[in-house]
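Residue numbers (my numbering): 40 to 444.
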Amino acid sequence: MLQVTLKDIQDAKETIKDIVKKTDLLECAGLSSMTNANVFYKCENLQRTGSFKVRGACNKIANLTYEEKANGVIASSAGNHAQGVALGAKMSGIKSTIVMPATAPLLKVSATKGYGAEVVLNGLVYDDAYAKAVEIQQKTGATFLHPFNDKYVIAGQGTIGLEIFEQLNDKVDTILCPIGGGGLIAGVAVAAKALNPNCKVIGVQTANIPSMYESMKKGKVTTAFNSTTIADGIAVKTPGDITFEIIKELVDEIVLVTEEEIAHGIVYLVENLKVVAEGSGAVTTAALVSGKYAPKAGENVVCIISGGNVDVNNLYRIIGTGLAKQGRRYSFSVTMVDQPGGFSELTKIISENNANILNANQSRLSSGAYIGKQIAEFVLETFDNSHIEKIKADIESAGFEIKDL
């Protein structure tokens, strides 16, 4: 017996109806054409606080007892749950403390403080923040609000599933959903399968932290961490037991995407849908663009953009990675003979290939152990990977040694 039902989600919808927005469902013509399916986006990046997390947080706070509210609340979060809890606590007039990883984007940290919460930074990923929050909770007696492993939180997130079916007049074949700890996909899966048992629910997780993917493979909650991720909103090393049981029964498949594919997904959304998504919000796009999930012709596919709280400085770096993934930015070094005219010849080759130089650096001091030679480094704006290969071939044909950076 699962801990969350359709009735719980319907009750949550009524509870939070005056707090959350019914976010837009937009069709993406580009991806529809690319996949021969009908691709739609559920834009939770346009939600209050910029993320779906406000749904579950506010539903949980609304269901606290008077005594639990009087003790104040504490939560651990990668950033989006933090803002949801902070807003919900402020609206309820109760004190909130939020523990976030030290790697959390500054935008999320400042926004959480802006809602009146006390913020404590600890560790690299969500799990580190969780451990610190538990330590503080034991000292203060505040009420702990878990970001995903809680029936009221899951039910609140599940209201997204109800809205998707309403907005597509129940004609939903597949929902692609990001996975971190599993609260979002667990709630959406309960709603979707109750409304249409044939609707597929596909989870998307970063390959750097494939905790729910590994848990599903092994049939039990499993900790997994390979490296940090630009998808900080789903950087959870150990998923919840409540969410795992729901996902194990209701989710059809989980696919993994790389950091480069996530970056590509962010760029794709900016250019084609005019939407800014954070890394965790772009994983569903990454799954489609990379072909990790290939829909059938005519299939109605809904991708959930879970949030848009991305720091501008991080966005700049991520876009650079995404452009490199598409072959639209190329970084390389060239070794040349230390004599006049070499650099000029190089730039002439680049110009003749219609590539734009974004950055170029040549210094006799950079030659190092290369006696009689120099090294120049370039960053180019290019059209695609075939364009890059043509530039490399021409540079090598002119007698230069070239190396990708």
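All residues carry an ideal CB built from backbone N, CA and C; glycine is no exception.
Distance from the CA of residue 385 to the CA of residue 359, rounded to the nearest whole angstrom, comes to 23 Å. Relative to residue 382, the option among 414, 48, 160 and 112 whose CA is nearest is 414. Here residue 116 is not near residue 93, since their CB atoms are 9 Å or more apart. In this structure, residue 286 lies away from residue 81, with their beta-carbon atoms at least 9 Å apart. For residue 238, there is no enclosing beta strand (DSSP E), as DSSP marks it with neither H nor E. Straight across, the Cα-Cα distance linking residue 291 with residue 397 is about 45 Å. By the criterion of a C-beta distance shorter than 6 Å, residue 439 is surrounded in its chain by 373 and 375, once the five residues flanking it on both sides are discounted.
Residue nearest to residue 339 within the set 53, 70 and 47 is 70 (criterion: CA-CA distance). Ranked by Cα distance from residue 44, the first of 234, 260, 363 and 134 is 234. The Cβ atoms of residue 231 and residue 240 sit closer than 9 Å to each other. Around the C-beta of residue 135, 16 or more other C-beta atoms lie within 10 Å, and the residue is accordingly described as buried. Residue 151 carries a helical assignment under DSSP once its states are collapsed to helix, strand and coil. Note on geometry: alpha-carbon atoms of residue 351 and residue 199 lie some 27 Å from one another.
DSSP places residue 93 in the uninterrupted alpha helix (DSSP H) bounded by 92 to 101.
A distance below 7 Å between beta-carbons, with the five flanking residues on each side excluded, links residue 131 to the following residues of its chain, in chain order: 100 and 108. With a cutoff of 9 Å on beta-carbon distance, residue 348 and residue 119 are scored as near each other. Note on the region 296 to 344: whole alpha helix (DSSP H) runs with a minimum of 4 residues are 298 to 307 and 318 to 328, in chain order. The criterion of a C-beta distance shorter than 9 Å is satisfied by residue 141 and residue 161. Taking the Cβ atoms as the reference, residue 215 lies roughly 6 Å from residue 326, within the contact range of under 8 Å. Bridge pairing for residue 217: 243 [DSSP]. The criterion of a C-beta distance shorter than 9 Å is satisfied by residue 172 and residue 113.
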